[in-house]
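Enquirer: Before anything else, here's the structure in question.
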Amino acid sequence: MTRIMDGNKVSQDIRGEIKEKTAQLKGKGIIPGLAVVLVGDDPASQIYVKRKENACHEVGFYSREYKIPAETHEKDLLNLIGVLNADQKIHGILVQLPLPSHINSSLIIEAIDPQKDVDGFHPVNVGRLLTGQPCQMACTPKGIMVLLERYGISLAGKEAVIVGRSNIVGKPLFLMLLAQNATVTVCHTKTKDLAEVTCRADILIAAAGKAEIVRGDMVREGAVVIDVGINRLDNGKLAGDVSFAEVSPHCAFITPVPGGVGPMTIAMLLHNTLKAAEAGLEA
Ligand code: GUN
Numbered sequence: 065m066t067r068i069m070d071g072n073k074v075s076q077d078i079r080g081e082i083k084e085k086t087a088q089l090k091g092k093g094i095i096p097g098l099a100v101v102l103v104g105d106d107p108a109s110q111i112y113v114k115r116k117e118n119a120c121h122e123v124g125f126y127s128r129e130y131k132i133p134a135e136t137h138e139k140d141l142l143n144l145i146g147v148l149n150a151d152q153k154i155h156g157i158l159v160q161l162p163l164p165s166h167i168n169s170s171l172i173i174e175a176i177d178p179q180k181d182v183d184g185f186h187p188v189n190v191g192r193l194l195t196g197q198p199c200q201m202a203c204t205p206k207g208i209m210v211l212l213e214r215y216g217i218s219l220a221g222k223e224a225v226i227v228g229r230s231n232i233v234g235k236p237l238f239l240m241l242l243a244q245n246a247t248v249t250v251c252h253t254k255t256k257d258l259a260e261v262t263c264r265a266d267i268l269i270a271a272a273g274k275a276e277i278v279r280g281d282m283v284r285e286g287a288v289v290i291d292v293g294i295n296r297l298d299n300g301k302l303a304g305d306v307s308f309a310e311v312s313p314h315c316a317f318i319t320p321v322p323g324g325v326g327p328m329t330i331a332m333l334l335h336n337t338l339k340a341a342e343a344g345l346e347a
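In our numbering, the protein residues as written are 65 to 347.
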């Protein structure tokens, strides 16, 4: 029988754990603080940022939001990052992506203090992940790893296939799965026979950003299927990268969209911010 992996439930459990730890930190005079920077008025980004803010309030974090115009100059955004790097109340800095095209995203990410890089996008954190050192890890792949762990899915020796090679999901997830001793394959737009590769997967992760690209005949019986996609269809409905109707009868576990990976991403952002605040305590 197929089991639905309930990201809402697991994320709620984790938020409860974070709320308790936050209360303990407050006793030591520290309130974890997150600054969220949104450049421009992309509707989807606005929704994501609002969710992140609400989650911060729910667990007792301090949060500050900077909504700045799309025309903002790169140097002004760099100045803001510099101010936030020096701000003692702020332990985590998140610049919502994508940024407007006149701003060099890499330059902005590299300006963030790696200790405050709660997105895990800074090259220092990416390098540490690659070499197996402690680091801040990207929230979506980390959320997937925690979801797999909480459902008792072991990874050592398993065939894991990722569809999508983004810096935000596919590439860091590759490293995290490898670190847990899975045999990992990453597919992309130039992969010759996608179905042939995906059918080998014990664990299949769809992070291509294409609605329902994974169909029923692309999944092995009894596989674990993780759907990272959130695609808005022409009819206004949300669809994942996986055809849930076709795929779910074949697999052992599957994440729904919405309510699967999405809530885990936010829970991991809170976790990374808490970690950054605790690191300040040790310093
Ligand atoms: N845009 C889409 N996903 C993310 C994310 O995880 N972090 C940031 N900063 N921007 C995003």
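All C-beta atoms, glycine included, are put in the ideal place defined by N, C-alpha and C.
Here the structure is a predicted model, which means the values were calculated and not measured.
Please report how far the alpha carbon of ILE68 lies from the alpha carbon of PRO320, in whole angstroms.
Expert: As a position in the sequence shown, residue 68 is number 4, starting the count at 1. As a position in the sequence shown, residue 320 is number 256, starting the count at 1. Approximately 7 Å, taken between the alpha carbons.
Enquirer: At what residues does the alpha helix (DSSP H) containing ALA175 begin and finish?
Expert: To locate residue 175, count along the sequence shown from 1; it is residue 111. ALA175 -> alpha helix (DSSP H) spans 169-175.
Enquirer: Label ILE132 either buried or exposed according to how many other C-beta atoms from any shown protein chain fall within 10 Å of its C-beta, with 16 as the threshold for buried.
Expert: Position 68 of the sequence shown, counted from the start, is the residue given in the question as residue 132. Classification of ILE132: exposed, given that the 10 Å Cβ count is below 16.
Enquirer: Give the secondary structure of GLY304 by DSSP, where H, G and I count as helix, E and B as strand, and everything else as coil.
Expert: If you number the sequence shown from 1, residue 304 lands on position 240. Here GLY304 sits in coil by DSSP.
Enquirer: Please state whether DSSP places VAL100 in a helix, a strand or coil.
Expert: Position 36 of the sequence shown holds residue 100. Strand at VAL100.
Enquirer: In the DSSP assignment, what are the bridge partners of SER230?
Expert: One-based indexing of the sequence shown puts residue 230 at position 166. Paired residues: none, contrary to the question.
Enquirer: Going along the chain, which residues of its own chain have a beta-carbon closer than 8 Å to the beta-carbon of GLU84, five neighbours each way excluded?
Expert: The residue given as residue 84 occupies position 20 in the sequence shown. The answer is none, since no qualifying residue turns up.
Enquirer: Per DSSP, what are the beta-bridge partners of ARG115 in this structure?
Expert: Within the sequence shown, the letter at position 51 stands for residue 115. DSSP, once it has assigned bridges, lists no residue as partnering ARG115.
Enquirer: Please confirm whether VAL227 and ALA287 have their CB atoms less than 8 Å apart.
Expert: The residue given as residue 227 occupies position 163 in the sequence shown. The residue given as residue 287 occupies position 223 in the sequence shown. No. Outside cutoff.
Enquirer: Give every residue of the same chain whose Cβ lies closer than 6 Å to the Cβ of HIS314, excluding the five residues on either side of it in the sequence, and list them in chain order.
Expert: Here residue 314 refers to the residue found at position 250 when the sequence shown is read from its first residue. Correct list, in chain order: VAL283, GLU285.
Enquirer: Excluding the 5 residues flanking ARG115 on each side, which residues of the same chain have their C-beta closer than 7 Å to its C-beta?
Expert: Residue 115 sits at position 51 when you count from the first residue of the sequence shown. These residues qualify, in order along the chain: ILE330.
Enquirer: For the beta strand (DSSP E) containing CYS251, list its first residue and its last residue.
Expert: For the purposes of this step, residue 251 is identified with residue 187 of the sequence shown, where counting begins at 1. Element bounds for CYS251: 247-251.
Enquirer: Does ALA150 come out as helix, strand or coil in the three-state DSSP assignment?
Expert: Residue 150 sits at position 86 when you count from the first residue of the sequence shown. Correct three-state label for ALA150: helix.
Enquirer: Considering only the alpha carbon of each residue, which of ASN295, ILE78, ASP77, ILE157 lies closest to PRO96?
Expert: Walking along the sequence shown from the start, residue 96 turns up at place 32. For the residues ASN295, ILE78, ASP77, ILE157, the minimum Cα distance to PRO96 belongs to ILE157.
Enquirer: For ligand 1, any of its heavy atoms closer than 7 Å to the Cβ of VAL159?
Expert: Mapped onto the sequence shown, residue 159 falls at position 95. Yes; taking the cut-off as 7 Å, the Cβ of VAL159 has a heavy atom of ligand 1 nearer than that.
Enquirer: Along the chain, where does the alpha helix (DSSP H) that runs through ARG79 open and close?
Expert: Here residue 79 corresponds to residue number 15 of the sequence shown, with the count starting at 1. It spans 71-91 - the alpha helix (DSSP H) in which ARG79 sits, taken as one unbroken run.
Enquirer: Could you spell out where the alpha helix (DSSP H) holding GLU260 opens and where it closes?
Expert: The count along the sequence shown starts at 1 and reaches residue 260 at position 196. Residues 258-262.
Enquirer: Decide if PRO322 is buried, meaning its Cβ has at least 16 other Cβ atoms within 10 Å, or exposed.
Expert: On the sequence shown, residue 322 is found 258 positions in, with the first residue counted as 1. Under this definition PRO322 is an exposed residue.
Enquirer: Roughly how many whole angstroms lie between the Cα atoms of ALA347 and ASP177?
Expert: Taking the sequence shown and counting its residues from 1, the one referred to as residue 347 is at position 283. Taking the sequence shown and counting its residues from 1, the one referred to as residue 177 is at position 113. Because ALA347 sits at a pLDDT of 49, beneath the cut-off of 50, its placement in the model cannot be relied upon, and the following sentence gives the value as read from the coordinates. Annotation: ALA347 to ASP177 spans about 15 Å, alpha carbon to alpha carbon.
Enquirer: For ligand 1, is there any heavy atom lying closer than 7 Å to the beta carbon of CYS203?
Expert: Start at 1 with the first residue of the sequence shown, and residue 203 comes out as number 139. Indeed, a heavy atom of ligand 1 lies less than 7 Å from the Cβ.
Enquirer: Is LEU211 helix, strand or coil by DSSP?
Expert: For the purposes of this step, residue 211 is taken as residue 147 along the sequence shown, with counting starting at 1. Note: LEU211 maps to helix in three-state DSSP.
Enquirer: Measure from the alpha carbon of GLU310 to the alpha carbon of each residue in ASP298, ASP281, LYS153, then state which is nearest.
Expert: Here residue 310 corresponds to residue number 246 of the sequence shown, with the count starting at 1. The residue with the shortest Cα to Cα distance from GLU310 is ASP281.
Enquirer: Nearest CA to the CA of GLY184: which residue from LEU211, LEU239, VAL147?
Expert: In the sequence shown, counting from the first residue as 1, residue 184 sits at position 120. The residue with the shortest Cα to Cα distance from GLY184 is LEU239.
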